[in-house]
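Just so we're aligned: 15 in UniProt numbering is position 15 of the sequence shown, and the numbers increase by one with no gaps anywhere.
Built from N, CA and C at the ideal position, the CB exists for glycine as well.
What you are looking at is a predicted structure, and each value in this text was computed from that prediction instead of being measured.
Working notes, structure below.
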Amino acid sequence: LLPDLLALPPGTDLHDHPLVTRGSVVLQSKASCMPARALAPEPGWTVVDCCAAPGNKTTHLAAIMKNQGRVLAFDKDPRRLARLKANASLVGATSCVEARLADFLSLDPTAPEFKEVRGVLLDPSCSGSGTTFTRMDHLLPSHTGPAARVAQLARFQSAALSHALRFPSLERLVYSTCSVHVEENEAVVAGALQQAAEAGLELADPFPSWHRRGLPLFPGAEKLIRTDAYLDGTDGFFVALFQRRQTQEPQAMEQQQQKHKKQRTQPQLKRK
1 LLPDLLALPP GTDLHDHPLV TRGSVVLQSK ASCMPARALA PEPGWTVVDC
51 CAAPGNKTTH LAAIMKNQGR VLAFDKDPRR LARLKANASL VGATSCVEAR
101 LADFLSLDPT APEFKEVRGV LLDPSCSGSG TTFTRMDHLL PSHTGPAARV
151 AQLARFQSAA LSHALRFPSL ERLVYSTCSV HVEENEAVVA GALQQAAEAG
201 LELADPFPSW HRRGLPLFPG AEKLIRTDAY LDGTDGFFVA LFQRRQTQEP
251 QAMEQQQQKH KKQRTQPQLK RK
């Protein structure tokens, strides 16, 4: 499923290990490795990481691309962007990663500088409820209902996904959160389906062998990926992949045209 992932037993502490301190190994949760692998950018692509800091997914994209191509990494927080730059430098990804201080929503996806963008990774701010559930915070008496905050986040996430779908040469887009809430996950995707279809994109299954799927709220939700903090040994996560619809192969198109031509030339029977 994730060929570049090495899973270790819970409690393993490698923070001071030489492989980590010199950037040969990056520590992150198993589920958070899914978005970059789902996008699967090819070497030479130009990719946008919309809300990139602190940069683990950014550098994962660069690694998948073998540091060949461009990863345009945006974040509006100067301190978080500085951390992203440091992480990219540590793992040797500075030749591929271009860190930019900017609010993704302020960009114009149709600007000439973005005409070659083929992949987009959108992992926006979210409730973090997938990691909260891992910590069992929701069992504390002080834990309050997140409805108002989740609704506000969902509005932002929907706006960000709509914005990300505007890149004209887009081939693959991944939307992901570390949330368990439907409002931030399936509902956001459902709200973008029409715009995606108009852009020539459709939902695709990035991990056919993965067992846990999106909630069945609309046709195609079975292509969405979820992880369960209790059952899957990782954070609660959500991943959706939009992919450009495949055109017919030339041979298949020719056969279909010949079939239609034959049907037009056949004599029509008259009704009696």
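Under 6 Å Cβ to Cβ from residue i, same chain only, skipping five residues before and after it: list those, please.
i    : result
L8   : none
D75  : A52, A53, L81
L241 : A38, V174, A204, P206
A31  : T227, T234, D235, F237
L217 : E186
L19  : V25
Q243 : R172, A204
Given that a residue counts as buried once 16 or more other Cβ atoms are within 10 Å of its Cβ, and exposed if not, what is residue i?
i    : result
A86  : exposed
R245 : exposed
H17  : exposed
Q68  : exposed
G200 : exposed
T12  : exposed
A192 : buried
K115 : exposed
T58  : buried
P112 : exposed
Q152 : exposed
E198 : exposed
Taking Cβ to Cβ, would you say residue i is nearer than 9 Å to residue j?
i    : j    : result
E98  : L121 : no
C178 : F104 : no
W45  : R22  : no
P124 : L101 : no
R172 : P3   : no
L1   : L14  : no
V189 : A221 : yes
T110 : P168 : yes
Could you pull out every residue in the same chain whose Cβ sits closer than 7 Å to the Cβ of residue i, ignoring the five residues on either side in sequence?
i           : result
residue 273 : An answer regarding residue 273 cannot be provided, because it is not within the stretch 1 to 272 covered by the chain.
H181        : S127, S129, V150
K223        : L203, A204, D205
L5          : K30, C33
E184        : C126, S127, V150, L153, A154, Q157, T177
I need the DSSP call for residue i, collapsed to helix, strand or coil.
i           : result
Q194        : helix
R22         : coil
F238        : strand
residue 306 : Within the shown structure, residues of the chain are numbered from 1 to 272, placing residue 306 beyond reach of any answer.
V182        : helix
V120        : strand
R79         : helix
E202        : strand
L14         : coil
T227        : strand
T70         : Reading off the sequence, residue 70 comes out as Arg, not Thr. Three-state DSSP puts R70 in a strand.
T94         : coil
L107        : coil
R245        : coil
R100        : strand
R212        : coil
R166        : coil
Counting contacts by CB-CB distance shorter than 9 Å, is residue i in contact with chain C?
i    : result
G220 : Annotation note: the requested chain C is absent from the structure, which comprises a single protein chain.
Beta-carbon within less than 8 Å of residue i's beta-carbon, same chain only, minus the 5 sequence neighbours each way: which residues are those?
i    : result
V47  : L39, P41, L61, M65, G69, R70, V71, L72, V117, R118, G119, V120, L121
S95  : N67
P43  : M65, K66, Q68, G69
R83  : A53, P54, G55
D108 : F114
- Kindly confirm or deny that the region 33-43 and the region 80-96 touch, where touching means at least three C-beta pairs closer than 8 Å. No contact exists between the region 33-43 and the region 80-96.
- Task: Decide if the region 144-157 is in contact with the region 209-221; the criterion is three or more beta carbon pairs, one per stretch, under 8 Å apart.
- Result: Flag = no, the region 144-157 and the region 209-221 do not touch.
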